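Trainee: Here it is: the structure, laid out below.
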Amino acid sequence: LIAREELRIREDPLARTSELLKRVFGGQ
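All residue numbers in the sequence shown are consecutive under the numbering used here, ending with 81.
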């Protein structure tokens, strides 16, 4: 499951950016 998400994020730079934002705001 995680590997599939990583592949999808690598193929979609916008998805990677949104994931980073989720981690930053989710960690607060």
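Here a beta-carbon is modelled for each residue, glycine too, at the ideal position from N, C-alpha and C. What you are looking at is a predicted structure, and each value in this text was computed from that prediction instead of being measured.
Would you mind reading off the limits of the alpha helix (DSSP H) that contains Leu73?
Mentor: It spans 66–79 - the alpha helix (DSSP H) in which Leu73 sits, taken as one unbroken run.
Trainee: Looking at the structure shown, is Leu54 part of a helix, part of a strand, or coil, going by DSSP?
Mentor: Residue state, collapsed to three classes: coil.
Trainee: Quick one: what's got a C-beta closer than 6 Å to Gly80's C-beta in the same chain, skipping five residues either side?
Mentor: Taken in chain order, the list of residues that qualify is empty.
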